[in-house]
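Counting from 1 along the sequence shown, just add 5 to a position and that's the residue number in my numbering.
Note that CB positions come from ideal geometry on N, CA and C, so glycine has one too.
Let me begin by presenting the structure, written as structure tokens, before commenting on it.
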Amino acid sequence: MPKYGAKAQKSVEGAMHKYKRGKLKSGKSGAKVKSREQAVAIGLSEARKKGAKVPRKKSNS
Numbered sequence: 006m007p008k009y010g011a012k013a014q015k016s017v018e019g020a021m022h023k024y025k026r027g028k029l030k031s032g033k034s035g036a037k038v039k040s041r042e043q044a045v046a047i048g049l050s051e052a053r054k055k056g057a058k059v060p061r062k063k064s065n066s
């Protein structure tokens, strides 16, 4: 069973595309994203909002 669905993969792919071209901005601050990990996290977050098959975020406890 795959961990992520096809919609999630497309969302992360789009975020990485923007990141590589320096166009990806983070949340409220609108600061430029500088790490690959942050770009992937943004892609997964967008996929969750769209209702794609993505595991839940890990809790802090």
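Host alpha helix (DSSP H) of residue i (start-end)
i: residue 45; result: 41-55
i: residue 77; result: The structure shown does not extend to residue 77, since the chain is modelled only from 6 through 66, so no value can be given for it.
i: residue 17; result: 11-25
Residue i versus residue j: straight-line alpha-carbon distance, rounded
i: residue 32; j: residue 9; result: 23 Å
i: residue 19; j: residue 35; result: 17 Å
i: residue 59; j: residue 40; result: 21 Å
(message) Under 8 Å: do the segment 42-55 and the segment 12-23 share three or more Cβ pairs, one atom per stretch?
(response) By the Cβ rule, the segment 42-55 counts as touching the segment 12-23, because three or more pairs are nearer than 8 Å.
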